[in-house]
Amino acid sequence: MGSIPLSDSDIQEVIIVGAGISGINAAYRFQDANPGRRYTILEARSNIGGTWDLFKYPGIRSDSDLHTFGYAFKEWTGPDIAEAKYIVEYLENVVQENHIKERIRFNTKVVSADFSTEDRAWSVKVETNGRPETLRSRFVFLATGYYDYSSGLKAEIPGIHNFGGRVVHPQFWDLEPKDYRDKRVVVIGSGATAITLIPSMADETKSITMLQRSPSYIVALPKHDPFASLCRAILPASWASKLIRQKNIARIYASYHFMRRFPNVARRYLRFATKKLLPKNIPLDPHFKPRYNPWDQRLCICPDGDFYETLRSGKASIVTGEIEEVTQSSIRLKSGETLDADVIVTATGLKMQIGGSVDVSVDGETVKPNQRFVWRGSMLEGVPNLALFIGYTNASWTLGSDCTAHFMVRLMAKMDKEGKSMVVPRLESRESIKEAPLINLNSTYVQKASENLPKASSEGPWRLRTNYWYDLIQAKYGGLQGLTFA
Ligand SMILES: Cc1cc2nc3c(=O)[nH]c(=O)nc-3n(C[C@H](O)[C@H](O)[C@H](O)COP(=O)(O)OP(=O)(O)OC[C@H]3O[C@@H](n4cnc5c(N)ncnc54)[C@H](O)[C@@H]3O)c2cc1C
Ligand SMILES: *[C@@H]1O[C@H](CO)[C@@H](O)[C@H](O)[C@H]1NC(C)=O
Ligand SMILES: *[C@@H]1O[C@H](CO)[C@@H](O)[C@H](O)[C@H]1NC(C)=O
19 MGSIPLSDSD IQEVIIVGAG ISGINAAYRF QDANPGRRYT ILEARSNIGG
69 TWDLFKYPGI RSDSDLHTFG YAFKEWTGPD IAEAKYIVEY LENVVQENHI
119 KERIRFNTKV VSADFSTEDR AWSVKVETNG RPETLRSRFV FLATGYYDYS
169 SGLKAEIPGI HNFGGRVVHP QFWDLEPKDY RDKRVVVIGS GATAITLIPS
219 MADETKSITM LQRSPSYIVA LPKHDPFASL CRAILPASWA SKLIRQKNIA
269 RIYASYHFMR RFPNVARRYL RFATKKLLPK NIPLDPHFKP RYNPWDQRLC
319 ICPDGDFYET LRSGKASIVT GEIEEVTQSS IRLKSGETLD ADVIVTATGL
369 KMQIGGSVDV SVDGETVKPN QRFVWRGSML EGVPNLALFI GYTNASWTLG
419 SDCTAHFMVR LMAKMDKEGK SMVVPRLESR ESIKEAPLIN LNSTYVQKAS
469 ENLPKASSEG PWRLRTNYWY DLIQAKYGGL QGLTFA
C-alpha cells in the first residue's frame with residue numbers, strides 16, 4: 019500500500035470533512051470499494067444533513083427532485099420535491115443501514131490540514147467542543163458544501179438598524195409562528211427561499227409582502243410527477259425508482275440546454291405560463307419580467323404553483339423596487355412607496371465558500387484556493403490527495419459530488435495496485451490556460467464570491483463538468499491527463 023510509513027497505527031485512510039449529503043455519499047462509495055478500511059467523518063455540527071439540518075425556516079424544502087438529489091444506491095419513495103425533515107430522515111436511514119453513523123465524529127470542526135510530501139500524509143487539526151487535536155490520514159475529502167455556515171451574505175439594506183421590529187435571516191431562523199402571527203411581514207428577496215417562505219407563512223401573518231429589487235423566473239411544477247406514478251404502478255419498486263431517476267436526469271439536461279439554446283422562446287414560454295397563474299391585479303411587468311435569460315441564474319421552482327396560489331388568494335403581495343431607507347416601522351422605497359412592517363426577513367442569500375474555511379497547506383505552504391484550477395471538478399491543482407466535493411448548480415448537486423466520489427475511489431484503487439501514495443493534479447502551462455468561472459450562474463451571491471473561488475478553464479481536464487452520464491463515465495473510465503502519481 020504505497021510508501022506510507024505504516025508504523026503509524028493512528029493513520030486513517032481517509033478523513034471526510036462534513037456529514038452532509040455529499041460527505042455521506044463519499045463515505046458510502048469509499049467503504050463500498052474498500053470494506054474494512056479506516057475512515058472518519060468529521061462534522062462541526064451535532065447532527066448529520068448539513069444544509070437540511072441547518073435551515074429551519076418555515077417550509078424549507080429542496081427545489082431539485084429527490085430522485086436525482088437522492089442517492090443512486092438508495093431509492094427515494096416520497097414526493098419529487100421534499101421538505102428538509104424528510105431529506106434528513108432519508109439520510110439518517112442511509113447512515114444507519116450502512117454503518118456510517120459509527121464513523122462520524124460530531125461537534126468536531128476542522129481548522130486546518132497540512133500535507134507532508136515526505137510522510138505522504140495529512141495532519142488535520144480539529145477542535146472537538148473546543149478541544150484541539152491532530153489527526154492523520156492519507157487522503158482528505160472536503161465535503162463542506164458551498165457556503166459559510168457561520169455567516170450569511172451581508173445585504174446592504176440602508177437603515178436596517180433603525181428598524182424597531184424583528185429582523186431575521188433565513189439561515190439563522192429564530193422565529194416561532196407566534197412571532198409573526200397577525201403581523202405585517204416583508205420578505206426581502208426573490209430567490210428560492212422567498213418563494214418557499216411566502217406560502218408557508220401567509221396563513222399566519224396579517225400581511226406578507228415579497229419585496230424584490232429584480233424579479234426571478236418562478237416555475238410551477240407538479241408535486242407528484244405523473245410519469246413517476248405510472249412507473250410505480252406498473253414496475254417493481256427498484257426498477258421504477260431507477261427509471262424515474264434516469265428520466266429526471268434527462269429532463270433536467272434537456273430543459274437546461276433548450277433554454278440556453280433558445281432563450282427567447284424559453285422566455286416567452288415562461289411568461290405565458292406565469293401569466294396564467296397570476297391574479298388580475300398583479301401584472302407580469304415588472305414583477306415577473308426578469309432582466310436576465312433563463313439559467314443565467316437558477317430557476318425557482320414552486321411545487322403545484324403554491325406561490326402563485328398564495329398570490330391569487332390575496333394573502334400575499336409583491337412589490338418591485340429599491341429600498342431608499344428602513345425606518346423604525348417601515349420600509350421606504352425609492353419610488354416613494356412605503357411598506358409598513360413588524361417583521362423583516364432578509365432572504366438575500368448565502369455567503370459562498372468552498373472548502374469550509376479549512377486552511378489547507380502543503381509542506382507548510384498555504385494554498386490559496388482562488389489561485390488554483392480545479393481538475394475535473396474534483397481536485398485542486400498542486401494539492402496532493404485532496405478531493406473537493408462540489409456538485410452541479412444546474413442539476414442536482416449530488417450528481418456532481420457523486421462523480422467526485424467515483425473518481426477518488428478509482429484513483430485510490432489504482433494507486434494501491436501500482437504502489438503509489440500520492441496523486442496530484444498539475445497544470446502543464448499556466449500561461450496558455452484560459453480561465454472560466456467555476457460556477458456558471460450570474461446570481462449576485464455567485465458574483466460576490468467569484469474572486470474567492472477556485473478556477474475552472476474552458477479546456478482539457480480543467481473544464482467544468484457537463485452532465486452526470488458523461489461525467490460518471492469519465493470518472494470510472496476516462497483519461498487521467500493532468501494527474502501525476504508518485
Ligand atoms: C435552502 C437551500 C436549498 C437548497 N436546495 C437545493 C436543491 O434543491 N438542489 C440542489 O442540488 N441543491 C440545493 N441546495 C444546495 C445544497 O446546499 C446542496 O445541494 C447540498 O445540500 C450540499 O450538500 P453537501 O453535503 O455538499 O454540503 P452541506 O449540506 O452544506 O454540508 C456540509 C457539511 O460540512 C460541515 N462542515 C463545513 N465546514 C466544516 C469544517 N471546517 N469542519 C467540520 N465540518 C464542516 C457542515 O457543518 C455541514 O454539515 C440548497 C441549499 C440551500 C441553502
Ligand atoms: C450545466 O451547464 C453546463 C455549462 O453551461 C453544461 O455544459 C451542462 O450540460 C449543464 N448541465 C445540465 C445537466 O444541463
Ligand atoms: C451572464 O452574463 C453575461 C453578460 O453579462 C452573459 O454573457 C452570460 O451568458 C450570462 N450567463 C451565465 C450563465 O454566465
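Read left to right, the sequence shown gives residues 19 to 504 (this note's numbering).
Quick reminder that beta carbons are idealized off the backbone N, C-alpha and C, glycines included.
Just so we're clear, the structure is a prediction, and the values are computed from it rather than from any experiment.
Proximity of the stretch 426-434 to the stretch 180-198 falls short of the contact definition, fewer than three beta-carbon pairs being nearer than 8 Å. Of the other Cβ atoms in all chains shown, 16 or more fall within 10 Å of the Cβ of Y235; this residue is therefore buried. The DSSP-derived three-state label of Y310 is coil. Of A258, F159, P150, F133, the smallest CA-CA separation from A423 is found for F159.
Between Y165 and Q465, the CB-CB gap reaches or exceeds 8 Å. Annotation: E343 to T356 spans about 10 Å, alpha carbon to alpha carbon. Per DSSP, R483 lies in no beta strand (DSSP E) and is assigned neither H nor E. Secondary structure note for A255: its alpha helix (DSSP H) is the uninterrupted segment 255-279. With a cutoff of 7 Å, A413 counts as near ligand 2, since its C-beta is closer than that to a heavy atom of the ligand. For I105, the enclosing alpha helix (DSSP H) starts and ends at 102-115.
DSSP places M426 in the uninterrupted alpha helix (DSSP H) bounded by 415-436. Counting along the chain, L84 sits inside the alpha helix (DSSP H) bounded by residues 84-87. Shortest Cα-Cα distance from F157 to any of Y167, V142, E151 involves V142. For I29, the closest C-alpha among the options I105, R79, T152 is that of T152.
Judged by DSSP in its simplified three-state form, D358 adopts strand.
Separation of the CB atoms of D98 and A246 is rounded to 7 Å, and the pair is thereby assigned contact status at 8 Å. In this structure, the CA atom of V441 is about 21 Å from the CA atom of N388. Non-local C-beta neighbours of S80 in its own chain, meaning closer than 7 Å and more than five positions away in sequence, comprise F87, I99, A100, I105, ordered along the chain. Looking at the backbone, the Cα of E174 and that of A251 are separated by about 51 Å. DSSP places F157 inside the beta strand (DSSP E), whose first and last residues are 149-160. As DSSP reads the structure, E453 sits in a beta bridge with S475.
Counting the other CB atoms within 10 Å of its CB gives S40 a total of 16 or more, which places it among the buried residues. Around the beta-carbon of K103, fewer than 16 other beta-carbon atoms lie within 10 Å, marking it exposed. Excluding residues up to 5 positions away in sequence, L459, N460, S461 lie with their Cβ nearer than 6 Å to the Cβ of Q315 in the same chain. Distances between the C-beta of H179 and the heavy atoms of ligand 2 are all 7 Å or more. Scanning its chain for C-beta atoms nearer than 7 Å, with the 5 sequence neighbours on each side dropped, one finds around A365 the residues P188, V205, I206, G207, G209, T211, A212, L215, in chain order. Of the candidates D489, K265, F190, the residue whose Cα lies closest to the Cα of G170 is F190. For Y57, the uninterrupted beta strand (DSSP E) segment begins and ends at 57-60. Counting along the chain, F503 sits inside the beta strand (DSSP E) bounded by residues 501-503. By the 16-neighbour rule on beta-carbons within 10 angstroms, N147 is exposed. Distance from the CA atom of V337 to the CA atom of K241, rounded to whole angstroms, is 27 Å. Scanning C318, N403, P301, S218 for the CA closest to the CA of A131 turns up N403. Collapsing the DSSP output to three states places M397 in a strand. Here M219 carries a helix assignment [DSSP, helix/strand/coil].
If you keep only unbroken alpha helix (DSSP H) runs of at least 4 residues inside the stretch 314-345, you get 324-330. Between I59 and I34 the beta-carbon gap is near 4 Å, inside 8 Å, which marks them as a contact.
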